[in-house]
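Residues 1 to 251 in the working numbering are what the sequence shown lists, from first letter to last.
Don't be surprised by glycine CBs; every beta carbon is placed ideally from N, CA and C.
The block underneath contains the structure these notes are about, expressed in structure tokens.
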Amino acid sequence: MKVLISIRSIEELQSCMEGGADIIDLKNPDEGSLGAAAPWFIKEVKTKAKNYPVSAAIGDMPNLPGTAALAAVGAVISGADYVKIGLYGTQTEQECLKLMSDVVKAVKESNPDVIVVGAGFADAKLYNGIEPLKIPSIIKSAGADIAMLDTKNKDGRRLFDFLTIDELRWFVDESHKLGLKAALAGSLKTEDLPIIYNLGTDVTGFRGAACSKNDRKNGSITTKRVLNLMNIAKNLNLQPKVPTSSELARS
1 MKVLISIRSI EELQSCMEGG ADIIDLKNPD EGSLGAAAPW FIKEVKTKAK
51 NYPVSAAIGD MPNLPGTAAL AAVGAVISGA DYVKIGLYGT QTEQECLKLM
101 SDVVKAVKES NPDVIVVGAG FADAKLYNGI EPLKIPSIIK SAGADIAMLD
151 TKNKDGRRLF DFLTIDELRW FVDESHKLGL KAALAGSLKT EDLPIIYNLG
201 TDVTGFRGAA CSKNDRKNGS ITTKRVLNLM NIAKNLNLQP KVPTSSELAR
251 S
């Protein structure tokens with residue numbers, strides 16, 4: 001399991017690197033859950049963090065496939081290794097598939113090595129969004145690489161407030177069955193790491209838990225908090241993982 005830390009400034013980048021994060025994620029929390037990172041920020045981070053995989057969010061995207069595709073190309077050109085899009089404005093599977101397919105085409109034509117992440121929202125029922133458990137099949141059909149779940153509204157409620165452990169396990173297992181990697185985020189706490197690990201999750205995303213006062217908007221990433229997350233993850237990665245249902249089926 002890899003740990004992704006979301007940063008919003010160069011100062012936070014330093015703390016993130018000192019803490020040893022696996023993936024450095026760039027976004028602007030003021031613009032939403034997956035608020036888009038500016039291209040000049042992506043470029044500067046990639047220059048300063050050459051040995052780190054860099055992920056760039058391109059927004060809680062409305063149902064505008066052309067806009068999404070163009071934003072994705074901008075992230076690739078700016079140096080992102082991962083391009084992450086929030087499936088916010090799409091309300092049907094067809095709309096979702098069109099948007100994701102256009103993003104994948106734009107990214108892979110620009111650089112086939114860049115990884116495309118499609119993020120659904122566990123709290124989609126609050127705004128009539130796409131059902132979160134439909135995300136893996138859509139991501140697979142679009143040709144993307146990672147199926148992700150996050151929460152759109154940062155109002156104190158968390159991933160586990162909207163989906164059960166069994167539903168999250170199904171999401172991870174289904175992603176793996178389809179040949180995808182699975183990522184989970186959504187106001188996760190440090191103490192959630194063992195649960196997320198035992199679900200078989202490939203990438204776990206944090207911001208608030210890595211920030212002073214656990215405040216994703218007003219707090220800042222600290223080296224101490226990143227180190228703590230990474231030490232816990234490192235110890236978990238050394239332990240035997242509970243087999244997933246898909247792994248048991250193959251055995």
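- Counting C-beta pairs with one atom in each stretch, the stretch 18-34 and the stretch 57-71 have three or more that are closer than 8 Å, which means they touch.
- Per DSSP, reduced to three states, the secondary structure at Met61 is strand.
- Put simply, of Val54, Val103, Gly35 the residue whose alpha carbon is nearest the alpha carbon of Leu64 is Val103.
- Three or more beta-carbon pairs separated by less than 8 Å are not found between the stretch 92-101 and the stretch 41-55, which leaves the two stretches without contact.
- Between Val114 and Ala80, the CB-CB gap stays under 8 Å.
- Taking one beta carbon from each stretch, the stretch 226-240 and the stretch 192-207 have 3 or more pairs nearer than 8 Å; the two touch.
- Comparing alpha-carbon positions, the option among Ile139, Gly120, Pro136 lying closest to Ile130 turns out to be Gly120.
- Rounded to whole angstroms, the Cβ separation of Leu184 and Phe206 is 10 Å, and the two are not in contact under 8 Å.
- Taking the Cα of Ser15 as reference, the smallest distance to any Cα among Gly179, Gln94, Val45, Lys134 is reached at Val45.
- Listed in chain order, the non-local C-beta contacts of Pro39 below 6 Å within the same chain comprise Gly74, Ser78, local neighbours out to five positions each way being set aside.
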